[in-house]
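Encoded as structure tokens, the structure appears first; notes follow it.
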Amino acid sequence: MKKYLISLEKDVKRRELFFAQPDTQDFSVFNAINTMNETEENLTALFDAEGFAQRYGRNVTKGEIGCTLSHLAVYRLIEADESIAEDEYCLVCEDDALFNQDFAYHLDCLLKQPLRADIVLVGQSKIPAFNHSELEINYPTTFSFLRKSIAGSPFKYAYTYRNYFAGTVAYLIKKSAAKAFLAASEKRLPFWLADDYILFGADFALEVCAVRPLLVIENPCLTSNLEDLRGSLQHNFWQKLIKYPAKKYLAVKRNLGR
Numbered sequence: 001m002k003k004y005l006i007s008l009e010k011d012v013k014r015r016e017l018f019f020a021q022p023d024t025q026d027f028s029v030f031n032a033i034n035t036m037n038e039t040e041e042n043l044t045a046l047f048d049a050e051g052f053a054q055r056y057g058r059n060v061t062k063g064e065i066g067c068t069l070s071h072l073a074v075y076r077l078i079e080a081d082e083s084i085a086e087d088e089y090c091l092v093c094e095d096d097a098l099f100n101q102d103f104a105y106h107l108d109c110l111l112k113q114p115l116r117a118d119i120v121l122v123g124q125s126k127i128p129a130f131n132h133s134e135l136e137i138n139y140p141t142t143f144s145f146l147r148k149s150i151a152g153s154p155f156k157y158a159y160t161y162r163n164y165f166a167g168t169v170a171y172l173i174k175k176s177a178a179k180a181f182l183a184a185s186e187k188r189l190p191f192w193l194a195d196d197y198i199l200f201g202a203d204f205a206l207e208v209c210a211v212r213p214l215l216v217i218e219n220p221c222l223t224s225n226l227e228d229l230r231g232s233l234q235h236n237f238w239q240k241l242i243k244y245p246a247k248k249y250l251a252v253k254r255n256l257g258r
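First residue of the sequence shown: 1, per UniProt numbering; consecutive thereafter.
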């Protein structure tokens with residue numbers, strides 16, 4: 001399986017931390033597209049900022065443009081690689097990825113399963129632990145005993161109650177799905193956030209499932225303020241808890257028959 005690491009060329013320390021982890025020697029580094037010094041005129045030719053504002057109700061940042069364009073550029077590499085089959089998965093990571101213990105082994109176990117999804121979220125951003133309670137309360141899947149087991153591994157996979165913005169720290173994507181993104185960007189300039197899995201499911205007709213617990217989180221060493229992150233997750237905790245039963249019902253319903 002081809003593995004890609006998206007990283008700004010200047011972020012040497014982040015790459016060092018990433019490659020200090022076991023089983024990372026087979027990642028190909030893609031130098032992320034740095035848009036911070038680009039003019040608005042140049043960016044207009046690459047990204048539909050007006051379309052972004054219409055969808056998200058705010059202006060796009062240069063960093064968000066660079067993120068979306070970088071992931072699309074990796075998809076072009078996948079499309080051009082004739083050694084990758086249409087239904088074969090590739091792993092895409094960002095340089096703040098922190099792998100769970102024995103990541104490579106559990107990933108191999110996962111890939112042996114009869115996966116249907118076009119995109120498999122093996123990681124999530126803005127989560128301080130691989131099995132943090134926020135995953136279940138705010139982004140539930142079906143009951144644990146109903147999730148799809150991964151032979152030889154304690155991890156499982158399932159569909160969440162609905163697609164959501166999970167970040168792009170680590171995910172599997174089929175070549176056919178990568179080509180769907182490229183086809184969409186040829187019809188119209190990209191206007192989406194790189195992790196808008198809601199759009200990808202509704203408009204691109206891509207199936208997205210998730211692994212629980214997470215196999216990848218953002219490296220806390222690179223999180224600017226972990227305490228602020230934890231505090232934000234606790235914000236409106238009781239409101240999230242009130243919504244939990246309805247979300248759990250939707251998750252169970254969505255996973256039935258899949």
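Where a beta carbon is used, it is the ideal one built from N, C-alpha and C, also for glycine.
With a Cβ-Cβ cutoff of 9 angstroms, do residue i and residue j count as a contact?
{"i": "residue 89", "j": "residue 111", "result": "yes"}
{"i": "residue 292", "j": "residue 207", "result": "Absent from the structure is residue 292, since the part of the chain shown begins at 1 and ends at 258."}
{"i": "residue 123", "j": "residue 214", "result": "yes"}
{"i": "residue 64", "j": "residue 177", "result": "no"}
{"i": "residue 83", "j": "residue 3", "result": "no"}
{"i": "residue 255", "j": "residue 159", "result": "yes"}
{"i": "residue 96", "j": "residue 222", "result": "yes"}
{"i": "residue 133", "j": "residue 212", "result": "no"}
{"i": "residue 40", "j": "residue 191", "result": "no"}
{"i": "residue 69", "j": "residue 47", "result": "yes"}
{"i": "residue 27", "j": "residue 19", "result": "yes"}
{"i": "residue 240", "j": "residue 131", "result": "no"}
{"i": "residue 161", "j": "residue 150", "result": "no"}
{"i": "residue 163", "j": "residue 205", "result": "no"}
{"i": "residue 62", "j": "residue 35", "result": "yes"}
{"i": "residue 72", "j": "residue 199", "result": "no"}
{"i": "residue 32", "j": "residue 9", "result": "yes"}
{"i": "residue 155", "j": "residue 109", "result": "yes"}
{"i": "residue 197", "j": "residue 246", "result": "no"}
{"i": "residue 146", "j": "residue 252", "result": "yes"}
{"i": "residue 136", "j": "residue 6", "result": "no"}
Tell me whether residue i sits in a helix, a strand or coil according to DSSP, three-state version.
{"i": "residue 212", "result": "strand"}
{"i": "residue 74", "result": "helix"}
{"i": "residue 52", "result": "helix"}
{"i": "residue 148", "result": "strand"}
{"i": "residue 230", "result": "At residue 230 the pLDDT is 47, less than 50, meaning the model places this residue with poor confidence and gives no usable figure here."}
{"i": "residue 225", "result": "Confidence is the limiting factor: at residue 225 the pLDDT is only 43, short of 50, which leaves the residue's position unreliable and the question unanswerable from this model."}
{"i": "residue 241", "result": "helix"}
{"i": "residue 97", "result": "strand"}
{"i": "residue 19", "result": "helix"}
{"i": "residue 158", "result": "strand"}
{"i": "residue 267", "result": "Here the chain comprises residues numbered 1 to 258, so residue 267 is not present and cannot be evaluated."}
{"i": "residue 43", "result": "helix"}
{"i": "residue 87", "result": "coil"}
{"i": "residue 1", "result": "coil"}
May I ask which residues mark the beginning and end of the alpha helix (DSSP H) holding residue i?
{"i": "residue 27", "result": "From DSSP, residue 27 is part of no alpha helix (DSSP H) but of the beta strand (DSSP E) over 27 to 31."}
{"i": "residue 8", "result": "Run containing residue 8: none; DSSP gives neither H nor E here."}
{"i": "residue 220", "result": "Taken as a continuous stretch (DSSP letters only), residue 220 belongs to no alpha helix (DSSP H), as it is neither H nor E."}
Give me the Cβ distance between residue i and residue j, rounded to the nearest whole Å; I'm assuming they're in contact under 8 angstroms.
{"i": "residue 169", "j": "residue 125", "result": "5 angstroms"}
{"i": "residue 148", "j": "residue 87", "result": "Rounded, the Cβ-Cβ distance is 18 angstroms, inconsistent with contact."}
{"i": "residue 244", "j": "residue 140", "result": "7 angstroms"}
{"i": "residue 79", "j": "residue 179", "result": "5 angstroms"}
{"i": "residue 99", "j": "residue 21", "result": "5 angstroms"}
{"i": "residue 104", "j": "residue 217", "result": "Incorrect: roughly 16 angstroms between the Cβ atoms, too far for contact."}
{"i": "residue 119", "j": "residue 171", "result": "6 angstroms"}
{"i": "residue 219", "j": "residue 43", "result": "29 angstroms between Cβ atoms; not a contact."}
### Query
Which parts of the segment 107 to 143 are runs of the beta strand (DSSP E), unbroken and 3 residues or longer, counting only runs that do not cross its ends?
Listed in chain order, they are 119 to 121.
### Task
Within the segment 162 to 209, note down every full beta strand (DSSP E) run reaching 3 residues or more, in order along the chain.
Taking 3 residues as the minimum length, the beta strand (DSSP E) runs contained wholly in the segment 162 to 209 are 170 to 174, in order along the chain.
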